[in-house]
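In the numbering used here, the protein residues as written are 27 to 382.
Here a beta-carbon is modelled for each residue, glycine too, at the ideal position from N, C-alpha and C.
Keep in mind the model is a prediction, meaning the values are calculated, not measured.
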Ligand SMILES: Cc1cc2nc3c(=O)[nH]c(=O)nc-3n(C[C@H](O)[C@H](O)[C@H](O)COP(=O)(O)OP(=O)(O)OC[C@H]3O[C@@H](n4cnc5c(N)ncnc54)[C@H](O)[C@@H]3O)c2cc1C
């Protein structure tokens, strides 16, 4: 059963691998939240103008859902954090969104995408359309429109690709690197079932039976992945229960998309649901409502809602845990310090304490 998901799809841009963060894994999202808060705290304690500007410049590359939701949410959080720090001005903080095509949120209608763009620009987020990141060596960002500046945080949100390990297998792979599957979630080569192989989620090219286009496949979303998983499990259990070579009736995966929602920070959003356009608070409420509905297990739903309730009463949690990214660093520094002292004592230096 193949459910390997996808990973960031990058380009050979100088400096990208060394400088950028991805935004695919939960740990990347946590690291990014902590990075933004830590950078604001560090900027508050330095008078070096260039250093401050670099710390407070956050660049996102890719204006799809991931990039737009990430920049909007983090900008909202950064504004709330800066409001509590007198030595940092709101105007010191720079958020830049770089998008290669002529619009953001391509999954939405032109009208809603335009609304999203306007919302971001009204918040002083510098959105560059039809622009590419060309280099970011040592954090020096160069854009295709000729702009150059330094940024401590560069986030790559410009697409995903199916797990590359699939390409090293002898499984049937389509043009976008996904395993080809039937609507029953069985892996198939040229329409013929590959015995004993099943696939679902982002790594699988599953026909979209709701589309007029017979070649259309399901988009890489959690909405499809979790629903496909259930159909796959039922079909696999039925196949195993029937025994080898016995006829078995399998269910075909089919899911009509109800709509698309995007959050643009607390109380802000944009959505297209059942043919209706929503903006602002109604869209944001629909976004939160849908996500808590879709979240598996009651335990997780309740924990998330309690967290939102706490934030509604006490506002955002702005505590930064920047050192979480390197949990061994403090211990390693302490051990290195002790080793140095021991070495000085062994060398007969009686003034080890003073020399520290
Ligand atoms: C920022 C962001 C926001 C998103 N927001 C939404 C949203 O609002 N709504 C929505 O529907 N979708 C959203 N998505 C898409 C959604 O996250 C994916 O479609 C979904 O997670 C796919 O599920 P999956 O099980 O196929 O893959 P994954 O969730 O990626 O799980 C794959 C698992 O396989 C593991 N794995 C990979 N390779 C191997 C290997 N070789 N051996 C063993 N294990 C391996 C991985 O570690 C991972 O745990 C978003 C994605 C991103 C990045």
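For residue i, the residue or residues it bridges with in DSSP
i: residue 84; result: 121, 179
i: residue 161; result: 168
i: residue 36; result: Partner(s): none; residue 36 has no beta bridge.
i: residue 298; result: 286, 303
i: residue 224; result: 212
i: residue 199; result: 205
Secondary structure of residue i, DSSP reduced to three states
i: residue 61; result: helix
i: residue 274; result: coil
i: residue 127; result: coil
i: residue 330; result: helix
i: residue 291; result: coil
i: residue 219; result: strand
i: residue 174; result: strand
i: residue 74; result: coil
i: residue 382; result: Note that residue 382 scores 46 on pLDDT, short of 50, meaning its location in the model is unreliable and no value can be drawn from it.
i: residue 367; result: helix
i: residue 304; result: strand
i: residue 51; result: coil
i: residue 212; result: strand
i: residue 154; result: strand
i: residue 135; result: coil
i: residue 285; result: strand
i: residue 400; result: Past the boundaries of the shown model lies residue 400; the chain is included only from 27 to 382, so the question cannot be answered.
i: residue 353; result: coil
i: residue 190; result: helix
i: residue 318; result: helix
i: residue 111; result: coil
i: residue 232; result: coil
i: residue 345; result: coil
i: residue 374; result: coil
i: residue 247; result: coil
i: residue 264; result: helix
i: residue 311; result: helix
i: residue 207; result: strand
i: residue 45; result: helix
i: residue 362; result: helix
i: residue 254; result: helix
i: residue 147; result: helix
i: residue 102; result: helix
i: residue 280; result: coil
i: residue 383; result: Any question about residue 383 goes unanswered here, given that the chain covers just 27 to 382.
i: residue 96; result: helix
i: residue 269; result: coil
i: residue 184; result: coil
i: residue 140; result: helix
Test: residue i CB closer than 8 angstroms to a CB of chain B
i: residue 110; result: Here chain B cannot be found, since the structure has a single protein chain.
Below 8 angstroms, how does it come out for the region 81 to 93 and the region 123 to 137: are there three or more Cβ pairs, yes or no? Per the Cβ contact rule, the region 81 to 93 is in contact with the region 123 to 137 (3 or more Cβ pairs under 8 angstroms).
Are at least three pairs of beta-carbons, each pair with one atom in the region 144 to 161 and one in the region 59 to 75, less than 8 angstroms apart? Contact fails: fewer than three Cβ-Cβ distances are below 8 angstroms.
Pair every Cβ in the region 304 to 312 with every Cβ in the region 243 to 259, then say whether three or more of these pairs are closer than 8 angstroms. Inter-segment contact for the region 304 to 312 and the region 243 to 259 is absent: fewer than three beta-carbon pairs are separated by less than 8 angstroms.
Counting Cβ pairs closer than 8 angstroms, one from the region 224 to 232 and one from the region 267 to 277, do we hit at least three? Because the criterion of three Cβ pairs below 8 angstroms is not met, the region 224 to 232 and the region 267 to 277 do not touch.
Should the region 149 to 157 be regarded as contacting the region 46 to 55, the criterion being three or more beta carbon pairs within less than 8 angstroms? Contact between the region 149 to 157 and the region 46 to 55 is absent: fewer than 3 CB-CB pairs across the two stretches fall below 8 angstroms.
Does the region 323 to 330 come within contact of the region 342 to 354, defined as at least 3 CB pairs closer than 8 angstroms? They do not touch, by the three-pair rule.
Sufficient close CB pairs (3 or more, under 8 angstroms) joining the region 174 to 192 to the region 92 to 112: These segments touch.
Specify whether the region 196 to 216 and the region 230 to 239 touch according to this definition: at least 3 beta carbon pairs, one from each stretch, less than 8 angstroms apart. Per the Cβ contact rule, the region 196 to 216 is in contact with the region 230 to 239 (3 or more Cβ pairs under 8 angstroms).
Stretch pair the region 240 to 253 + the region 294 to 304: three plus CB contacts closer than 8 angstroms: Contact fails: fewer than three Cβ-Cβ distances are below 8 angstroms.
Say whether the region 131 to 138 touches the region 314 to 328, bearing in mind that this needs 3 or more beta-carbon pairs closer than 8 angstroms, one atom from each stretch. Output reads no: the region 314 to 328 does not touch the region 131 to 138.
Three or more C-beta pairs below 8 angstroms linking the region 188 to 195 and the region 211 to 221: No: fewer than three Cβ pairs fall under 8 angstroms.
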